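Chains A and B are the protein sequences, given in the same order.
Quick note on numbering: the first sequence equals residues 2 to 889 in the working numbering.
Quick note on numbering: the second sequence equals residues 33 to 144 in the working numbering.
Ideal Cβ placement from N, Cα and C applies to all residues, glycine included.
Every value quoted in this text rests on a predicted model; they were computed, and no experiment measured them.
Here is the structure we will look at, set down as structure tokens.
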Amino acid sequence: MKLQPPSYADRFLKWFCRDELIEDLQGDLHELFADRISEQSAWVTRIQYFWWVIRSIRHDVIKNPLGNMRNVHMLRNNLKIASRIIWKNKLNSFLLVAGITLGLTCFLLMGFYVRQEATYDQFHSKKDRIYRVWLKEDYGGDQIFFNSSTPLIFESFLEDNFPEVERAIQFNNIRVNVGEGENRYNERVSVISKDFFDVLDFNLLSAENNEPLPDRNSIILSAEYAKKYFGAENPLGKSLPLELAGENRLFTITAVFDDIPVNSSIQMDMAISSENDNVIYSERQRKAWFNVSPETYVLFHEGTDLEEVNAKSQDIILSVLQDEVQRDEYNIGFQPITDIHLNTEIPPALAPVGNPSYVFVLSIIGLLVLIIAIINYATLSLGHSFVRRREIGIRKVIGARKGGIIWQYLTESWLIAALGTAISIVLTYISLPLFNELIGVDITLEFQWWHLLLYLGIVCIVGISAGIYPAIVLSREQVTNILGGHGGQKKAHHLRKGMVTFQFIVTVFLVTSTLLMQRQLNFLNSKNLGFTYESTLSIQLNQDPNTLRFTEAMASARDKGKILKSQLQQYPEILASGVGSHSFGTGNWGRVSYTDQNDIFHRFRINAIDPGYLETFDIKMQEGRSFIPDNLADEKTSIILNQAAVEHFGLTDPIGKRLPGSDFGDHKIVGVTEDFNYSSLHSQIEPLILIQDYDAIYQGIHDHDYDDSPVPKLVVKYRTENLSEIYNLIEKEWKATFPNEELRLSFTDENIQAQYDDEQKMNRLVRFATLLSILVASFGLLGMTILLINSKIKEISIRKVIGASELTLFALLARSFAPQLIIGIVLSVPLTLLFMNKWLENFAYQIQISPFIFILGAIISSLIALLVISYHTLRAARINPVESMRRE
Amino acid sequence: MAREQIGELEELVLLAVGSLLDNAYAVTVLQTIVENTDRRLDVTSIHSVLRRLERKGLVNSEMGGATAVRGGRRKKYFSLTRAGRNVLDDTMAVRARLYNQLPKLTFALPKL
Numbered sequence: 002m003k004l005q006p007p008s009y010a011d012r013f014l015k016w017f018c019r020d021e022l023i024e025d026l027q028g029d030l031h032e033l034f035a036d037r038i039s040e041q042s043a044w045v046t047r048i049q050y051f052w053w054v055i056r057s058i059r060h061d062v063i064k065n066p067l068g069n070m071r072n073v074h075m076l077r078n079n080l081k082i083a084s085r086i087i088w089k090n091k092l093n094s095f096l097l098v099a100g101i102t103l104g105l106t107c108f109l110l111m112g113f114y115v116r117q118e119a120t121y122d123q124f125h126s127k128k129d130r131i132y133r134v135w136l137k138e139d140y141g142g143d144q145i146f147f148n149s150s151t152p153l154i155f156e157s158f159l160e161d162n163f164p165e166v167e168r169a170i171q172f173n174n175i176r177v178n179v180g181e182g183e184n185r186y187n188e189r190v191s192v193i194s195k196d197f198f199d200v201l202d203f204n205l206l207s208a209e210n211n212e213p214l215p216d217r218n219s220i221i222l223s224a225e226y227a228k229k230y231f232g233a234e235n236p237l238g239k240s241l242p243l244e245l246a247g248e249n250r251l252f253t254i255t256a257v258f259d260d261i262p263v264n265s266s267i268q269m270d271m272a273i274s275s276e277n278d279n280v281i282y283s284e285r286q287r288k289a290w291f292n293v294s295p296e297t298y299v300l301f302h303e304g305t306d307l308e309e310v311n312a313k314s315q316d317i318i319l320s321v322l323q324d325e326v327q328r329d330e331y332n333i334g335f336q337p338i339t340d341i342h343l344n345t346e347i348p349p350a351l352a353p354v355g356n357p358s359y360v361f362v363l364s365i366i367g368l369l370v371l372i373i374a375i376i377n378y379a380t381l382s383l384g385h386s387f388v389r390r391r392e393i394g395i396r397k398v399i400g401a402r403k404g405g406i407i408w409q410y411l412t413e414s415w416l417i418a419a420l421g422t423a424i425s426i427v428l429t430y431i432s433l434p435l436f437n438e439l440i441g442v443d444i445t446l447e448f449q450w451w452h453l454l455l456y457l458g459i460v461c462i463v464g465i466s467a468g469i470y471p472a473i474v475l476s477r478e479q480v481t482n483i484l485g486g487h488g489g490q491k492k493a494h495h496l497r498k499g500m501v502t503f504q505f506i507v508t509v510f511l512v513t514s515t516l517l518m519q520r521q522l523n524f525l526n527s528k529n530l531g532f533t534y535e536s537t538l539s540i541q542l543n544q545d546p547n548t549l550r551f552t553e554a555m556a557s558a559r560d561k562g563k564i565l566k567s568q569l570q571q572y573p574e575i576l577a578s579g580v581g582s583h584s585f586g587t588g589n590w591g592r593v594s595y596t597d598q599n600d601i602f603h604r605f606r607i608n609a610i611d612p613g614y615l616e617t618f619d620i621k622m623q624e625g626r627s628f629i630p631d632n633l634a635d636e637k638t639s640i641i642l643n644q645a646a647v648e649h650f651g652l653t654d655p656i657g658k659r660l661p662g663s664d665f666g667d668h669k670i671v672g673v674t675e676d677f678n679y680s681s682l683h684s685q686i687e688p689l690i691l692i693q694d695y696d697a698i699y700q701g702i703h704d705h706d707y708d709d710s711p712v713p714k715l716v717v718k719y720r721t722e723n724l725s726e727i728y729n730l731i732e733k734e735w736k737a738t739f740p741n742e743e744l745r746l747s748f749t750d751e752n753i754q755a756q757y758d759d760e761q762k763m764n765r766l767v768r769f770a771t772l773l774s775i776l777v778a779s780f781g782l783l784g785m786t787i788l789l790i791n792s793k794i795k796e797i798s799i800r801k802v803i804g805a806s807e808l809t810l811f812a813l814l815a816r817s818f819a820p821q822l823i824i825g826i827v828l829s830v831p832l833t834l835l836f837m838n839k840w841l842e843n844f845a846y847q848i849q850i851s852p853f854i855f856i857l858g859a860i861i862s863s864l865i866a867l868l869v870i871s872y873h874t875l876r877a878a879r880i881n882p883v884e885s886m887r888r889e
Numbered sequence: 033m034a035r036e037q038i039g040e041l042e043e044l045v046l047l048a049v050g051s052l053l054d055n056a057y058a059v060t061v062l063q064t065i066v067e068n069t070d071r072r073l074d075v076t077s078i079h080s081v082l083r084r085l086e087r088k089g090l091v092n093s094e095m096g097g098a099t100a101v102r103g104g105r106r107k108k109y110f111s112l113t114r115a116g117r118n119v120l121d122d123t124m125a126v127r128a129r130l131y132n133q134l135p136k137l138t139f140a141l142p143k144l
């Protein structure tokens, strides 16, 4: 008798076993336990007992997982009643579902966009150990050179001198002519280290011997490019001619890789091995510590402490570069690969960098619109509850508990949330391509199983947050209050008004912001830039591949430009043409710097142009003269400054003077142009020096930095009549002059527009959100109006009988929303100011935020609100009093 | 008539319930089978089979008295139903018929 079966086993049995079975089951087990324990040791029997309990778990023994049967029945009943109520109030339900659907669609689309931005480079399995190297040279004062492109020598330097570095790889892009004959394209070809794929996870579809790039004559293609060049054929083992450093070489395709995902910082279509570096770069470039070009990525050993590496990196650098730099002048740092896309503090290299504040703002907006939708639900069902008070009263009288009523209301909101979610998922997937095109983003969406969980979570959260407040308020009321006919939960009333006000705040804020953004963008497009770019285009010239020196290469392309220019000049459609290293809108112009004899550091931008260039863009001279055509002396020695450069060098009466500095060759300032915005309006006009030949000032310059390629372009001003005619004409001349080269032509106005792509995209996203939020809020307002009218229908009738005009009645009803609207408009002002000032900080040239915008926003929002409430209000005002008074 | 198909363990349990008359509950059924067949079984399998037989309508059950050794839990006694008896009779008849058709001296000679 002393030895009892283990109680934990009994508890466990009781937990899972159905109540009606446990009686004999446990009894039998106890009996057997008592039987066995006399034959064998106690602990063996105890284990055996537990084993029996475990073995008793059969499908027909386990309790219903949904809890006891009563709950299941209640749930079923709740569902049934909820669906009946939804079905009965079709208009109300439609407004609820539509609100949730739109809010959620906006939230999902924004969410997927934000997710894509936030998950850049997360797919690399070793992402925690992969870092991009940056280089910051700091020689005091303004002389800071901060780059995330790095010297070529870094790959071996990092591998040899840092024991923590497991691998170092480099990635660079060059432009190369690929293919032959008709199929010759100027392509962006990546140059990658041999062990590139050991560090980064890009999927190789097929590779021979698991070695994607066995030698310097191999090339790998993305699936898309394999198709482009070889169609459906198997590209492996085929060859492709590349013009590398003036030599046409056959490269063999050794592997094909999956198209790089959108959310990868490293993008490439075709890649060759960095073993080709010795023909791509000069000996000097390969050994240089101060020439930056490729991105370098390192893979650290597991367990590496980055702090330690950073702490000793100065010592390692000094041991290698002992004579050349002082301590802390030459700094190397490491940036996690996943940090590249949204970190704007480190200058971009090849990988484009997104705007983290946009991502933040868009996620907030997505959330706001969803909150509007949820609030909509809450206000509407609270309002609607006054209609349903009797139902609740009766339920309570019959014996429903508070919990039961809460559950019933939640079931209803869940059902609506589920419906809305289902529709919005379908809507999201269907509208995604349209959304991408409309907004100009590139969201890819692949269904994954965890999405299901996400959607379920959304249904739960939206259902609870929308339904819980009305549920609690309604369940709390006293039966006598409800059925006794005393109206009035003042508190709920206030809260409802508060929620409506919040909706107004967000809506007015979005409307005003959209207006402001649009105005700023219009301003950018219409601002006088100091030059005319309408009906101009630029044609990229190709340098002679056999030239190695920079100035020679530039000169070779310029000479080609001259030939083409003389061909084109014979056409009357071509009004003017010129050659220049940089055109407009394609990136920052070349930036050079030097230190003069007084140890003053100068940094300015340059553009090598010919006399026709200024004429083509109609750039005005402020002082002096322009370049003289076909004058060799002028070409070699004349330079032109812009106004900002004159101020920078502090020159009074600059004509005929030289730049300060002793290393320059023979040169003199012949003219000064008016300031013109050669960079985008994000930045102020910087000092600029225009030259004809790089030789004029090249000797005196120490550092160069090119964002836009300095290889000359032919710029052309044409008569706007028929664009395709102009294009055909240029194409014909191009083919006749350079039969083996691809024509790359772009229109200046498009390029200038493209500088504000980011802002345009942002504007479109906000406009989209605004539209949706207006819609959602309108649904809410519409529902509220209907409810208001229903509750006041008798009042309206009586007033009408006494003699109120329709207009008076309309004003009476419309006035009930006025306070909320006004408060909403007022409160949205600081929010808009805060957000828009932040946004405008992106630009050096901004519009003034005028009160006019706020007034306009307020008027638009009020008009929309008025429009929404007018239909039902007017209908109510027209109602025949007999109709509504008769019923009681 | 389509006869209820029962498995071998079900058949054994049914036989045991029938032969134990009014003392048939899971523990005694288990003991009977273990004694007669030398099988290694535990009581949970018997429970499972008994529940199945009851669902099929081959046995009836009623709750009996509790004893201290059972932790105050009552027993559930089983008895054969008419249908249960019929199924047993049929099964036995089929076996007997087939067995009688067996030639007296049939067994496979080992191949050499």
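Tell me, please, which residues DSSP counts as bridged to residue 539(A).
Note: residue 539(A) sits in a beta bridge opposite 716(A) and 747(A).
Rounding to the nearest angstrom, what Cα-Cα distance links residue 327(A) and residue 144(A) in this structure?
For residue 327(A) and residue 144(A), the distance between alpha carbons rounds to 14 Å.
Taking only beta-carbon positions, decide if residue 61(A) is within less than 8 Å of chain B.
Chain B contact via Cβ: present.
Using the Cα positions of residue 592(A) and residue 606(A), report the straight-line distance between them to the nearest angstrom.
When rounded, the distance between both Cα atoms is 4 Å.
Hey, how far is the Cα of residue 733(A) from the Cα of residue 180(A)?
Taking C-alpha positions only, residue 733(A) is separated from residue 180(A) by approximately 21 Å.
Should residue 80(B) be flagged as near chain A, meaning a C-beta pair shorter than 8 Å?
Residue 80(B) counts as touching chain A.
Do we get a CB-CB distance below 8 Å when we pair residue 75(B) with the residues of chain A?
Taking Cβ atoms only, chain A reaches closer than 8 Å to residue 75(B), which makes this a yes.
Answer with buried or exposed for residue 507(A), where buried requires no fewer than 16 other C-beta atoms within 10 angstroms of its C-beta.
Looking at its Cβ environment, which holds 16 or more other Cβ atoms inside 10 Å, residue 507(A) is buried.
Just verifying my parser: in three-state terms, what is the DSSP assignment at residue 251(A)?
In the three-state reduction of the DSSP assignment, residue 251(A) falls in the strand class, which pools E and B.
According to DSSP, residues forming a beta bridge with residue 335(A)
DSSP output for residue 335(A) lists 134(A) as bridge partner(s).
8 Å Cβ shell around residue 2(A) - same chain, five flanking residues per side excluded:
Residue placement at residue 2(A) cannot be trusted, given a pLDDT of 46 that sits under 50; the coordinates are not used to answer.
DSSP three-state call for residue 752(A): helix, strand or coil?
It is helical.
On the DSSP bridge assignment, give the partners of residue 173(A) in chain order.
Looking at the DSSP assignment, residue 173(A) forms a beta bridge with 192(A).
Proximity below 8 Å, CB of residue 133(A) to CB of residue 296(A):
Yes; because the gap between Cβ atoms is below 8 Å, this pair is in contact.
Hey, does residue 88(B) have any beta-carbon neighbour from chain C nearer than 8 Å?
Reference to chain C is not applicable here, since the protein chains of this structure are A and B.
Can you check whether the CB of residue 458(A) is closer than 8 Å to the CB of residue 414(A)?
For residue 414(A) and residue 458(A), no; Cβs fall outside 8 Å.
Helix, strand or coil: which one does DSSP assign to residue 340(A)?
Secondary structure of residue 340(A) (DSSP, three-state): helix.
Does any C-beta atom of chain A lie closer than 8 Å to the C-beta of residue 136(B)?
No, residue 136(B) does not count as interfacial toward chain A.
With a cut-off of 8 Å, does the C-beta of residue 131(B) fall near any C-beta of chain A?
No, its Cβ sits nowhere closer than 8 Å to a Cβ of chain A.
Could you spell out where the alpha helix (DSSP H) holding residue 639(A) opens and where it closes?
Run containing residue 639(A): none in the alpha helix (DSSP H); it sits in the beta strand (DSSP E), 639-643.
I want to verify the contact list: residues of chain A whose CB lies under 9 Å from the CB of residue 49(B), in sequence order.
Simply none; closest approach about 14 Å.
Just checking: is the beta-carbon of residue 31(A) within a distance shorter than 8 Å of some beta-carbon in chain B?
Yes, residue 31(A) counts as interfacial toward chain B.
One question on the structure: do residue 698(A) and residue 665(A) come within less than 8 Å of each other, judged by their Cβ atoms?
In this structure, residue 698(A) lies near residue 665(A), with their beta-carbon atoms less than 8 Å apart.
Among the residues of its own chain, which have a CB less than 7 Å from the CB of residue 522(A), if the five just before and after it don't count?
Within the same chain, residue 522(A) has close Cβ partners 757, 760, 761 and 764.
Considering just the uninterrupted stretch of the alpha helix (DSSP H) at residue 67(B), what are its terminal residues?
Start and end: 58-69.
So residue 108(A) packs on residue 370(A), CB below 8 Å; how close in whole Å?
Yes, they are in contact, since the Cβ atoms of residue 108(A) and residue 370(A) sit about 6 Å apart, within 8 Å.
Do residue 294(A) and residue 150(A) come within 8 Å of each other at the CB atom, strictly closer than that value?
Cβ atoms of residue 150(A) and residue 294(A): closer than 8 Å.
Three or more C-beta pairs closer than 8 Å, one from the region 237-257 of chain A and one from the region 216-229 of chain A: is that the case here?
By the Cβ rule, the region 237-257 of chain A counts as touching the region 216-229 of chain A, because three or more pairs are nearer than 8 Å.
Going by DSSP in three states, residue 271(A) sits in which element: helix, strand or coil?
The answer is strand: DSSP assigns residue 271(A) an E or B state.
is_contact[residue 35(A), chain B] using C-beta, thresh 8 Å
At a cut-off of 8 Å between beta-carbon atoms, residue 35(A) makes contact with chain B.
With a threshold of 7 Å on Cβ separation, who are the neighbours of residue 663(A) within its own chain once the five nearest residues in sequence on each side are excluded?
In the same chain as residue 663(A), and ignoring 5 residues on each side of it, the C-beta atoms closer than 7 Å to its own belong to 598, in chain order.
Go through the region 252-325 of chain A residue by residue and report every complete run of the beta strand (DSSP E) that reaches 3 residues or more, in order.
You should have 271-274 and 296-301.
Look at the alpha carbon of residue 87(A) and the alpha carbon of residue 787(A), and state the distance between them as a whole number of angstroms.
Counting only the Cα atoms, residue 787(A) lies some 16 Å from residue 87(A).
Taking residue 99(B) as the reference, give the member of 274(A), 64(A) and 32(A) with the closest Cα.
Selection 274(A), 64(A) and 32(A) evaluated against residue 99(B) yields 32(A) as nearest (Cα-Cα).
Can you find the residues in the same chain that come closer than 6 Å, C-beta to C-beta, to residue 544(A), ignoring five residues on each side of it along the sequence?
Counting only Cβ-Cβ distances below 6 Å, and skipping sequence neighbours, we find 554, 557, 558 and 712.
What whole-angstrom Cβ distance do residue 716(A) and residue 581(A) have, given they're in contact under 8 Å?
The pair is a contact, with the Cβ atoms about 6 Å apart (cut-off 8 Å).
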